[in-house]
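To convert, note that position 60 of the sequence shown is 170 in our numbering; the numbers rise steadily by one, no gaps. One structure is given below, encoded as structure tokens.
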Amino acid sequence: MTTNKRTGFDLDEVDRLLTTTKQVRKRLDLTTPVPYDEILDCIDLANHAPMGGNLERNKWMIIDDPDTKAAIAKRFAEVGRPYLAMNSEVRADDRSQRVIDSATFLVDHLAEVPALLISMRLDRPGLDQSQGAAAAYYGSVLP
Numbered sequence: 111m112t113t114n115k116r117t118g119f120d121l122d123e124v125d126r127l128l129t130t131t132k133q134v135r136k137r138l139d140l141t142t143p144v145p146y147d148e149i150l151d152c153i154d155l156a157n158h159a160p161m162g163g164n165l166e167r168n169k170w171m172i173i174d175d176p177d178t179k180a181a182i183a184k185r186f187a188e189v190g191r192p193y194l195a196m197n198s199e200v201r202a203d204d205r206s207q208r209v210i211d212s213a214t215f216l217v218d219h220l221a222e223v224p225a226l227l228i229s230m231r232l233d234r235p236g237l238d239q240s241q242g243a244a245a246a247y248y249g250s251v252l253p
């Protein structure tokens with residue numbers, strides 16, 4: 111085990127967690143409810159991610175109503191399936207196909223997840239912003 115002297119983190123475990131995230135979609139447990147405390151912990155962790163301009167103006171919507179999840183999943187599939195089909199034709203290598211297959215799994219099963227978390231920005235960028243300011247704004251959660 112390699113431990114970071116400053117943080118005390120097990121760096122081997124951190125590396126393992128950070129290098130297995132691409133495979134998460136196909137290993138989701140779609141049958142077990144997630145307690146709200148755990149969802150709120152995930153939101154807290156997400157709020158530690160870099161944000162454009164370091165302005166933490168994000169809001170979060172937790173959706174666990176089955177009908178609402180189904181409606182969102184239907185719309186997601188309407189735009190997701192054509193996009194994935196187009197990419198499947200253009201990017202036929204094995205690595206790309208595995209990513210597309212994983213994304214297709216998510217499209218097919220989105221309504222089954224215990225809860226959807228939607229991140230939002232309630233403000234809008236100014237019309238006179240420079241390209242750099244706009245990039246910082248849009249580099250965060252989309253409005």
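The beta-carbon is built from N, C-alpha and C at its ideal position, and this holds for glycine as well. Just so it is clear, the structure is predicted and the values come from calculations on it, not from any experiment.
7 Å Cβ cutoff met for residue i and residue j
i: Ala-225; j: Asp-177; result: no
i: Met-111; j: Asp-125; result: no
i: Pro-235; j: Ala-244; result: yes
i: Ala-213; j: Leu-194; result: yes
8 Å contact criterion, which residue i and residue j should meet: CB distance rounded
i: Ser-229; j: Asn-168; result: 6 Å
Nearest to residue i (by Cα), restricted to the options the options
i: Lys-179; options: Arg-205, Leu-216, Arg-234; result: Leu-216
i: Ser-198; options: Lys-115, Asp-238, Ile-210; result: Ile-210
i: Asp-154; options: Leu-237, Pro-143, Trp-170; result: Trp-170
i: Val-144; options: Ile-172, Ala-156, Phe-119; result: Ile-172
Residues bridged to residue i (per DSSP)
i: Thr-113; result: Asp-120
i: Ser-229; result: Trp-170
Residue-chain proximity (residue i, chain C), Cβ-Cβ < 7 Å
i: Gln-207; result: In summary, chain C is missing from the structure at hand, where a single protein chain is found.
Checklist entry - When the Cβ atoms of the stretch 185-201 are set against those of the stretch 209-226, are three or more pairs found closer than 8 Å? => result yes
Next on the checklist: Count Cβ pairs between the stretch 224-239 and the stretch 147-156 that sit closer than 8 Å; are there 3 or more?
Outcome noted: yes
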